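Numbering (my numbering), first residue to last: 108 to 419.
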């Protein structure tokens, strides 16, 4: 064996040892990085827990130091004879002054005062329990006032959304799962998946308000570059199929030939709508196709649910 062969053999052994050492160091470095990532993740969780605990402690401190310790606002039921609902107001006070009278101030979200009600007779042992009746055609801000000969104080509770809630009962989503093109590359047919998802969980108020209300009409408006090109009736259209998905756990509930027409029942489900549309006119594939689902209920109320771009 020549010296040169021995030298190359020695160098190969050295290189193998170096590679093995580097491999072990890289592996060790990788483990260190993973450990650091784990430590950072745990640190982030700890910081979030501390923030939540501090926030909770501050909220409790503010509640204990404030005038009103806690409150609850609950719309219950619906009276169709005067288009109103009852709102239960419960509040716990930290203290009440001698001779202090308690009022509930009802103001429309627009700033217009509706009513100032003396609820002192409904306060007992630092607890307020009172029910007000208001029209569902507005949103309201509720304020509790305390007035005595020596001082006055107030605390805003929250805005009660009635009008807004009733007009935004669903969120609409839509996209084209398939697009067919003409030989010259223009849009020919789009196959659409639409969904209407309840914005709010069913409540006593919503269930009561919509219990006798049905879907009278449902249409899909299509726009090309913001210009209306077609209005499609989809309620009883054989080209469009409907299905419902259980709203609470996401499992498929049942297949329908048409939507559940009673709105109070629709609030329990996500309504899926599938169909296709073939363009009458030549549409460039660069044009943006948008949509809107428009619905009319049996009381003549109109609902519009804007969709994202269906075809970009």
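For every residue, glycine included, the Cβ atom is placed at its ideal position computed from N, Cα and C. Being a predicted model, the structure only gives us computed values, none of them experimental.
Straight-line Cα distance separating residue j from residue i
i: residue 370; j: residue 153; result: 45 Å
i: residue 248; j: residue 347; result: 43 Å
i: residue 405; j: residue 320; result: 6 Å
i: residue 123; j: residue 142; result: 28 Å
i: residue 414; j: residue 313; result: 24 Å
i: residue 126; j: residue 140; result: 21 Å
i: residue 289; j: residue 394; result: 15 Å
i: residue 186; j: residue 387; result: 47 Å
i: residue 136; j: residue 119; result: 25 Å
i: residue 337; j: residue 234; result: 58 Å
i: residue 264; j: residue 197; result: 11 Å
i: residue 209; j: residue 173; result: 16 Å
i: residue 270; j: residue 411; result: 14 Å
i: residue 231; j: residue 201; result: 12 Å
i: residue 128; j: residue 138; result: 15 Å
i: residue 278; j: residue 351; result: 15 Å
i: residue 349; j: residue 311; result: 27 Å
i: residue 203; j: residue 407; result: 48 Å
i: residue 220; j: residue 344; result: 47 Å
i: residue 134; j: residue 307; result: 51 Å
Contact set for residue i: own chain, Cβ-Cβ below 7 Å, skip 5 residues either direction
i: residue 292; result: 392
i: residue 385; result: 295, 296
i: residue 211; result: 196, 224, 226, 237, 239, 249, 251
i: residue 222; result: 213
Proximity below 8 Å, CB of residue i to CB of residue j
i: residue 229; j: residue 237; result: yes
i: residue 316; j: residue 273; result: yes
i: residue 180; j: residue 199; result: no
i: residue 276; j: residue 305; result: yes
i: residue 382; j: residue 322; result: no
i: residue 299; j: residue 374; result: no
i: residue 380; j: residue 301; result: yes
i: residue 390; j: residue 376; result: no
i: residue 246; j: residue 216; result: yes
i: residue 324; j: residue 267; result: no
i: residue 243; j: residue 188; result: no
DSSP-derived helix/strand/coil call for residue i
i: residue 132; result: helix
i: residue 316; result: helix
i: residue 270; result: helix
i: residue 173; result: coil
i: residue 329; result: strand
i: residue 295; result: strand
i: residue 341; result: coil
i: residue 153; result: helix
i: residue 336; result: strand
i: residue 407; result: coil
i: residue 305; result: strand
i: residue 119; result: helix
i: residue 137; result: helix
i: residue 422; result: With the chain running from 108 to 419 in the structure shown, residue 422 is simply not present.
i: residue 311; result: helix
i: residue 289; result: coil
i: residue 393; result: coil
i: residue 201; result: coil
i: residue 227; result: helix
i: residue 126; result: helix
i: residue 417; result: coil
i: residue 233; result: coil
Chain-order list of residues whose beta-carbon lies under 6 Å from that of residue i (same chain, five-residue window excluded)
i: residue 193; result: 183, 184, 238, 240
i: residue 339; result: 327
i: residue 318; result: 371
i: residue 280; result: 302
i: residue 227; result: 208, 209
i: residue 178; result: 198, 264
heavy atom of the ligand FAD below 7 Å from residue i C-beta
i: residue 238; result: Ligands displayed in this structure: none; no statement on the ligand FAD is therefore possible.
Residues near residue i in its chain [Cβ-Cβ closer than 8 Å; skip 5 each side]
i: residue 409; result: 401, 402, 403
i: residue 334; result: none
i: residue 261; result: 212, 250, 251, 252, 253
i: residue 257; result: 204
Chain D within 8 Å of residue i, Cβ atoms only
i: residue 240; result: No chain D appears in the structure shown, which is made up of a single protein chain.
Next on the checklist: I'd like to know if the stretch 248-257 and the stretch 283-295 are in contact, where contact means that at least 3 CB-CB pairs between them fall below 8 Å.
Outcome noted: no
Item to check | Inter-stretch contact at 8 Å, needing at least 3 Cβ pairs: the stretch 316-335 / the stretch 387-402 | outcome: The stretch 316-335 vs the stretch 387-402: in contact.
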